Amino acid sequence: MNPLKPLVLAAILLGSSRLAAQAQATSPGWNNKQCAVVLTYDDAIDVDLDNVVPALDSAKLRGTFYLIGSSPVVTRRLGEWRRAAQRGHELGNHTLFHPCDGRLPNRSWVSPDHDLSKYTVGRAVDEIRANNVLLNAIDGKTARTFAYPCGDLLIDGVNYYDKVKTEFVAARGVAPGLLTAAQAKLDNMDCYSINGQ
Ligand SMILES: [Zn+2]
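This is the structure in structure tokens:
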């Protein structure tokens, strides 16, 4: 997705609902709850700090904010991200430069310097690890989740996240879907996207 657009994604684990009735017999839910909803916000944009964090705080909710390390909103407002993390919001890894596959339709906005189709797996891995170092310097944490820029998984047919997955708790994708806890694929969690609706 275009990183300039505000975006919220909700990854939902269902334990008990009409939609999950078929799977209910095999799923005990999640930590004895009927479901878990994770609210995630991508791309480190001003509206996250201006509107989203205060709104979540006012409702005593916590969100996951997938930060692009090179975003000027990280540079300019680093202290605010740090304070948000201290209140329990997660700073997730959305890579250093948000590389997306520029060969796909509607990707004319992808810059040649950060076109995933021109990356090596090693470069993608290096930039993800560098972003983890940056995020650790901001929040002091070592356990965090990852979100695939644009939901793109592959470089020349290779899933680059496979090389770093042991360094993350989970990864969020962009495919829509409600999952039972037993069905959840931690390497590429389904979600529902809200973008301008
Ligand atoms: Zn993004």
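What the sequence shown shows, in the working numbering, is residues 1 to 197, in sequence order.
Where a beta carbon is used, it is the ideal one built from N, C-alpha and C, also for glycine.
Since we're looking at a predicted model, the values are computed, not measured.
Beta-carbon gap between residue i and residue j smaller than 8 Å
{"i": "V38", "j": "T64", "result": "yes"}
{"i": "D139", "j": "K165", "result": "no"}
{"i": "D156", "j": "G173", "result": "no"}
Residue i versus residue j: straight-line alpha-carbon distance, rounded
{"i": "H94", "j": "K60", "result": "25 Å"}
{"i": "Y161", "j": "V73", "result": "25 Å"}
{"i": "I68", "j": "D43", "result": "6 Å"}
{"i": "V53", "j": "A84", "result": "7 Å"}
{"i": "K33", "j": "T180", "result": "12 Å"}
{"i": "C100", "j": "E90", "result": "23 Å"}
{"i": "L178", "j": "T40", "result": "15 Å"}
{"i": "A23", "j": "P176", "result": "Caution is warranted here: a pLDDT of 48 is assigned to A23, below 50, making its placement in the model unreliable, and the coordinate value is therefore given only provisionally. Roughly 18 Å separates the two Cα atoms."}
{"i": "A55", "j": "D48", "result": "10 Å"}
{"i": "K163", "j": "D126", "result": "10 Å"}
{"i": "G196", "j": "L96", "result": "25 Å"}
{"i": "A137", "j": "L78", "result": "10 Å"}
Identity of the residues DSSP links to residue i by a beta bridge
{"i": "G92", "result": "Y66"}
{"i": "F146", "result": "N93, A171"}
{"i": "D42", "result": "Y66"}
{"i": "S193", "result": "L9"}
{"i": "K30", "result": "Note that residue 30 is Trp in the sequence shown here, rather than Lys. Bridge partners of W30: K33."}
{"i": "N188", "result": "Per DSSP, none; premise fails for N188."}
{"i": "N159", "result": "L154"}
Whole-number beta carbon distance between residue j and residue i, since they are thought to touch under 8 Å
{"i": "G88", "j": "R62", "result": "5 Å"}
{"i": "V133", "j": "V158", "result": "No, V133 and V158 are not in contact; Cβ-Cβ is about 23 Å, not under 8 Å."}
Next on the checklist: Three Cβ pairs or more, each shorter than 8 Å: is that satisfied between the region 135-154 and the region 99-119?
Outcome noted: yes
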